[in-house]
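Chains as they are written, first to last, in full-length UniProt numbering: chain A, 1 to 315; chain B, 1 to 315.
Beta carbons: idealized from backbone N, C-alpha and C, even for Gly.
On a predicted model such as this, the values are computed, not experimentally measured, just so you know.
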């Protein structure tokens, strides 16, 4: 199968490498010039569970994609804010049967993807695999993981397409499953990110510190309620108190992950980078407008993070 | 007239000194022991428009107030969070005709005062006088100012009481006026504080920096809308776009006050003190609950400031 990895960072490189090794025609596409050139010159170098490997994989700068790289399956691994530009650059390789699997964090990406691909060809999933970037052309791939995915529209053909993608991924040992509940899982993860990420970023705190405040419960509950109301309009039932309890018993625990500063905190406060808030709480606001659901907590939090990005001059 | 200054900080000392000089029987009451003892031993020392003055004024620690200090007029100048305790300590001096004039910043103080004094005896106002604390027993009083006030309930007797207070204040040169619009003025000031204070405190920015962000307008508009909805239930008409424009053209101007960090920012981020958020945005939330008006922006901002107070261990 002709597979395009759109966004060949750490995780994209993992999928590309494993699918290539399984015999598929993989092309890596990315916007980071040094990384693409390193792979073109010397191949993709990986520390693969302790073993040094070099894989000669075709890599393309996304601005240089042409029709010759036509694709049966595009796996999306970009940062959320790079998604639209990537799909625009991939237009030459998208034909009417090209399937697109979105494994990005956050929610609402289908609204972007739908502008480039018919809904029937869009598949949504998430992954528990991990991967680390070590420099241009070089990644570190340890441990094991899984992929769960589902077709976006509920037709027999679309489901058949999802099962085909599962098969392809499993041919490469990626432990994929078709999952009816994947949208629930994606929303649940988005609830965690939609509370911990923005709040700790604004309050300059770790999750334990935030969770120790008297007002944490009220804030988290109100945000999760908005996610749930929006999800209801997509036929996804979110049990608010269950999710709030999940967050409180996991994220605030200072013996496990409570002392961790969420990725958004690191992006903005440490690395002065723009955040993905528009694809977490901001997506809930857009969906809320579409469905007529008020989302003041998500709107205010999104706006506060925007303010902070601008005050700090993040890029 | 027997006048109790409840909260004898900089501004209370100014009013006490000027009313004393005009021949009224003034007693200063405060909770700061060093300050009260300094006044008891050496009198209140003031740099009064450049002239050094010492005034022998009775001063009492609020915990030591007894019936012997019975009061015709109590002027409230405490910090908002100290108001209830002060009124509790002043119970011995309050008789059925004691008038109470509230000159605190923020809104909703009448809800506390009503627990101690009949509504007919409560008067609300604000002041443009300034004053600075220089140490225990010592203040700096420069420039001129005004006072505007009004009775809380609209009866003839209450209005008569308000006019009497105006006369007393004017006997001391305090430039007082009876003002039908005082509640509008108080709400307008609260809108400024209810946006700039909390937002700059949370975003660690000055007003110009905040005002330069693309999301500032939306946030400020939503907060002011909540103030306006609540005020409407008290028969006060607030023109949202007029107030938003007032804030935007005044507070964001880097050539005038835009580079200023609001007092709440200084209280919390510089001096690690608890803020007055409960008596600005928090008061709107309580009033909103009472009137059935949703106030998510004020509630979220109040909660975020609470979180920050607790994370920083403010006292």
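Taking DSSP as the reference, what is the three-state secondary structure of residue i?
{"i": "residue 45 of chain B", "result": "strand"}
{"i": "residue 293 of chain A", "result": "coil"}
{"i": "residue 242 of chain B", "result": "helix"}
{"i": "residue 267 of chain A", "result": "helix"}
{"i": "residue 176 of chain A", "result": "strand"}
{"i": "residue 4 of chain A", "result": "strand"}
{"i": "residue 247 of chain B", "result": "helix"}
{"i": "residue 212 of chain A", "result": "coil"}
{"i": "residue 285 of chain B", "result": "helix"}
{"i": "residue 276 of chain A", "result": "coil"}
{"i": "residue 68 of chain A", "result": "helix"}
{"i": "residue 37 of chain A", "result": "helix"}
{"i": "residue 75 of chain A", "result": "strand"}
{"i": "residue 29 of chain A", "result": "strand"}
{"i": "residue 309 of chain A", "result": "helix"}
{"i": "residue 134 of chain A", "result": "strand"}
{"i": "residue 141 of chain A", "result": "strand"}
{"i": "residue 300 of chain A", "result": "helix"}
{"i": "residue 119 of chain A", "result": "helix"}
{"i": "residue 326 of chain A", "result": "Nothing can be reported for residue 326 of chain A: it is not among the residues displayed for chain A, which extend from 1 to 315."}
{"i": "residue 314 of chain A", "result": "coil"}
Between residue i and chain A, is the shortest Cβ-Cβ distance under 8 angstroms, so that the two count as touching?
{"i": "residue 338 of chain B", "result": "This structure cannot settle anything about residue 338 of chain B, because the visible part of chain B is limited to 1 through 315."}
{"i": "residue 310 of chain B", "result": "yes"}
{"i": "residue 304 of chain B", "result": "yes"}
Could you tell me the boundaries of the beta strand (DSSP E) in which residue i lies?
{"i": "residue 96 of chain A", "result": "94 to 102"}
{"i": "residue 14 of chain B", "result": "No beta strand (DSSP E) holds residue 14 of chain B; the alpha helix (DSSP H) holding it covers 10 to 21."}
{"i": "residue 125 of chain B", "result": "122 to 127"}
{"i": "residue 225 of chain B", "result": "Run containing residue 225 of chain B: none in the beta strand (DSSP E); it sits in the alpha helix (DSSP H), 216 to 232."}
{"i": "residue 54 of chain B", "result": "51 to 55"}
{"i": "residue 147 of chain A", "result": "147 to 151"}
Comparing the C-beta of residue i with each C-beta of chain B, is any distance below 8 angstroms?
{"i": "residue 307 of chain A", "result": "yes"}
{"i": "residue 218 of chain A", "result": "yes"}
{"i": "residue 215 of chain A", "result": "yes"}
In the DSSP assignment, find the alpha helix (DSSP H) that holds residue i and state where it starts and stops.
{"i": "residue 171 of chain A", "result": "156 to 171"}
{"i": "residue 359 of chain B", "result": "Lying outside 1 to 315, the shown extent of chain B, residue 359 of chain B is not represented and no answer is given."}
{"i": "residue 59 of chain B", "result": "Residue 59 of chain B -> not in any alpha helix (DSSP H); beta strand (DSSP E) instead, spanning 59 to 61."}
{"i": "residue 182 of chain A", "result": "182 to 192"}
{"i": "residue 198 of chain B", "result": "198 to 203"}
{"i": "residue 111 of chain B", "result": "109 to 113"}
By Cβ distance, which residues of its chain are closer than 7 angstroms to residue i, with the 5 residues on each side in sequence left out?
{"i": "residue 305 of chain B", "result": "198, 201, 202, 275 and 277"}
{"i": "residue 261 of chain A", "result": "200 and 206"}
{"i": "residue 151 of chain B", "result": "123, 158, 159, 161 and 162"}
{"i": "residue 148 of chain B", "result": "125, 126, 177, 179, 182 and 185"}
{"i": "residue 299 of chain A", "result": "285"}
For residue i, which residues of its own chain have a beta-carbon under 6 angstroms away from its beta-carbon, when the five flanking residues on both sides are left out?
{"i": "residue 59 of chain B", "result": "28, 36, 39 and 40"}
{"i": "residue 175 of chain B", "result": "146"}
{"i": "residue 117 of chain B", "result": "100"}
{"i": "residue 293 of chain B", "result": "229 and 230"}
{"i": "residue 47 of chain A", "result": "140"}
{"i": "residue 221 of chain A", "result": "244"}
So, for residue i: in the same chain, excluding its five sequence neighbours on each side, which residues have a beta-carbon less than 8 angstroms away from its beta-carbon?
{"i": "residue 81 of chain B", "result": "274, 276, 278 and 279"}
{"i": "residue 90 of chain B", "result": "4, 6, 29, 62, 65, 71, 74 and 116"}
{"i": "residue 286 of chain A", "result": "108 and 111"}
{"i": "residue 236 of chain B", "result": "183, 184 and 187"}
{"i": "residue 210 of chain A", "result": "196, 199, 200, 203, 216 and 252"}
{"i": "residue 43 of chain A", "result": "54, 55, 56, 57 and 137"}
Inset, instruction - Please name the residues in the region 198 to 211 of chain A whose beta-carbon is closer than 9 angstroms to at least one beta-carbon of chain B, in chain order. - result: 199, 202, 203, 204, 205, 209 and 210
Inset, instruction - Quick one: which residues of the region 241 to 275 of chain A get their C-beta closer than 9 angstroms to a C-beta of chain B? List them in chain order. - result: none
Inset, instruction - Return the residues of the region 78 to 105 of chain A that lie within a Cβ-Cβ distance of less than 7 angstroms from chain B, sorted by chain order. - result: Those residues of the region 78 to 105 of chain A that come within reach of chain B (Cβ to Cβ, closer than 7 angstroms) do not exist; the list is empty.
Inset, instruction - May I ask you to list, following chain order, the residues of the region 280 to 303 of chain B that have a beta carbon less than 7 angstroms from some beta carbon of chain A? - result: 296, 297, 300 and 303
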